[in-house]
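**Q** As you go down the protein sequences, you meet chains A and B in turn. Counting in the working numbering, the first sequence runs from 42 upward without gaps. Counting in the working numbering, the second sequence runs from 5 upward without gaps. Supplied in structure tokens, the structure appears directly below.
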Amino acid sequence: QKEVEQNSGPLSVPEGAIASLNCTYSDRGSQSFFWYRQYSGKSPELIMSIYSNGDKEDGRFTAQLNKASQYVSLLIRDSQPSDSATYLCAVNNYGQNFVFGPGTRLSVLP
Amino acid sequence: DVKVTQSSRYLVKRTGEKVFLECVQDMDHENMFWYRQDPGLGLRLIYFSYDVKMKEKGDIPEGYSVSREKKERFSLILESASTNQTSMYLCASSKNIQYFGAGTRLSVL
Numbered sequence: 042q043k044e045v046e047q048n049s050g051p052l053s054v055p056e057g058a059i060a061s062l063n064c065t066y067s068d069r070g071s072q073s074f075f076w077y078r079q080y081s082g083k084s085p086e087l088i089m090s091i092y093s094n095g096d097k098e099d100g101r102f103t104a105q106l107n108k109a110s111q112y113v114s115l116l117i118r119d120s121q122p123s124d125s126a127t128y129l130c131a132v133n134n135y136g137q138n139f140v141f142g143p144g145t146r147l148s149v150l151p
Numbered sequence: 005d006v007k008v009t010q011s012s013r014y015l016v017k018r019t020g021e022k023v024f025l026e027c028v029q030d031m032d033h034e035n036m037f038w039y040r041q042d043p044g045l046g047l048r049l050i051y052f053s054y055d056v057k058m059k060e061k062g063d064i065p066e067g068y069s070v071s072r073e074k075k076e077r078f079s080l081i082l083e084s085a086s087t088n089q090t091s092m093y094l095c096a097s098s099k100n101i102q103y104f105g106a107g108t109r110l111s112v113l
């Protein structure tokens, strides 16, 4: 059973702080990794994709991938109350199917 | 931009009714998916399709069927709706990245 694990949270950070979200996966054959943001009652929307070891930055978001440790993380700098949402980690091994983690609920406190 | 359109945002049905949830994508993606999402249970894959007229069972196919007659359209069918099928249903399509529709919140009374 291929698994993706995340802390369910809630993770609470003050406004302006760095939020760090973590994800581990079990399938060593995984090749592509994604972070989605899901607001309450809405559908997931893609924030970042990452395919190679190291860091990938996009605005206030940085995704970090370590395939040897089977670990992917998302850092959100200068967190805003509007970042309060559930963040889903997803993993794909270039097959048709994607495996999603249960999500981490982030709360950014004003 | 990829657009995945689900036919209804909210739906209320009676137990025993046959329910059709429709999903259309405009990016010529081969792969399409149906998930349900319940509090505390995350996203659970019901069915997916990697080509026209092809379908594969996901983790929770019981009580559901699907149809894919055209590449852009993937339908989820509840043959006889039950109260435990009350949920948020999400359609997605992908080539290398998965994109989601807005979701259908189905209530079965």
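Don't be surprised by glycine CBs; every beta carbon is placed ideally from N, CA and C.
Would you say Gly95/A reaches chain B, if we count a Cβ-Cβ gap shorter than 8 Å as a contact?
**A** One-based indexing of the first sequence puts residue 95/A at position 54. Not an interface residue.
**Q** Would you decide whether Gln102/B is buried or exposed? Buried here means 16 or more other CB atoms lie within 10 Å of its CB.
**A** In the second sequence, residue 102/B corresponds to position 98, counting from 1. Gln102/B is buried by the Cβ-count criterion.
**Q** For a test of the three-state rule: what should DSSP assign to Gln47/A, helix, strand or coil?
**A** Looking up residue 47/A in the first sequence gives position 6. DSSP places Gln47/A in coil when its eight states are reduced to three.
**Q** Tell me, please, whether the CB atom of Ile101/B is closer than 8 Å to any CB atom in chain A?
**A** Position 97 of the second sequence holds residue 101/B. Chain A, which has a Cβ nearer than 8 Å to the Cβ of Ile101/B, makes this yes.
**Q** For the beta strand (DSSP E) that contains Ala104/A, what are its first and last residues?
**A** Stepping through the first sequence from its first residue, residue 104/A is reached at position 63. Here the beta strand (DSSP E) through Ala104/A covers 102–107.
**Q** When burial is assigned at 16 or more other CB atoms within 10 Å of the CB, is Met36/B buried or exposed?
**A** The residue labelled residue 36/B in the question sits at position 32 within the second sequence. Looking at its Cβ environment, which holds 16 or more other Cβ atoms inside 10 Å, Met36/B is buried.
**Q** So that I know if they touch, is there some Cβ in chain B lying closer than 8 Å to that of Phe102/A?
**A** By one-based count along the first sequence, residue 102/A stands at place 61. By this cut-off, Phe102/A is not an interface position.
**Q** So, Gly50/A versus Leu147/A, is the Cβ gap smaller than 8 Å?
**A** As a first step, residue 50/A must be located in the first sequence, where it is residue number 9. As a first step, residue 147/A must be located in the first sequence, where it is residue number 106. It is a contact, given that the beta carbons lie within the stated cut-off.
**Q** Taking DSSP's pairing of strands, which residues face Ile117/A in a bridge?
**A** Here residue 117/A refers to the residue found at position 76 when the first sequence is read from its first residue. Paired residue(s): Ala60/A, Phe102/A.
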